[in-house]
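First residue of the sequence shown? That's 3 in the working numbering, and the numbers climb one at a time after it. Here a beta-carbon is modelled for each residue, glycine too, at the ideal position from N, C-alpha and C. None of these values were measured; they are calculated from a predicted model.
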Amino acid sequence: MKKTVFIMIAMIGMTAVSCAQSAPAEVQEAYKAKFSNAERVKWEKENSTEWEAEFKLDGKEYSANFSNDGEWKETEHEVSKSDLPSAVKQTLSAEFNGYKVEAAESIETPKFSGYEMELEKGESTMEVVIDAKGKVLKKKVEKEDDDDDED
């Protein structure tokens, strides 16, 4: 019994240490060059080829992804519906009438600038990506997770 408890404590400790990661130097340098005024950065290994930095900038929470060699890939931050450009609001009104914006994020990549939103209407949830000019680039209906209802 004592051995099992010791092993469990050791595993929890190793998990906690593995969560506190530090990005490679070239990734951190690229981050500092792009976000020199950012505060409180936390690094996570997003996948085998990318790192994600979560940080605060101008009072807002941001996340930015960088490749292992420091190439900037994407930046996201939450925005309120009132901060969406008028072209995006017009598209929402025309093409998604009756849907409520539950969450919205500004997305910027080297080739794209736009907004990703989670929309809800009754039991229906949809993920939508719209560029700054109001063009719908992605529309995905989210399926309910049936496992949530099972015990």
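If you reduce the DSSP assignment to three classes, tell me which class residue i lands in.
i	result
N99	coil
E104	strand
S69	strand
T51	coil
S84	helix
D153	Only weak support exists for where D153 lies, its pLDDT of 46 falling under 50; the value from the coordinates is given anyway. D153 falls in the coil class under three-state DSSP.
Sort out for me which residues DSSP pairs residue i with in a bridge.
i	result
Q23	W45
V138	I132
L121	V103, M128
Y64	F57, H79
F114	T111
V143	M128
What separation, rounded to the nearest whole angstrom, lies between the Cα atoms of residue i and residue j?
i	j	result
S20	A55	Residue confidence is low: S20 scores 44 on pLDDT, short of 50, so the model does not pin down where it sits. No coordinate-derived value is stated.
E144	E78	21 Å
D60	V81	13 Å
E73	K123	38 Å
F68	F37	12 Å
E48	V130	22 Å
L86	M128	18 Å
D133	A27	33 Å
T6	G116	Residue placement at T6 is flagged as unreliable, the pLDDT there being 47, under the threshold of 50; the coordinate-derived value follows with that caveat. The straight-line gap from Cα to Cα measures roughly 51 Å.
E97	A35	39 Å
E31	E125	45 Å
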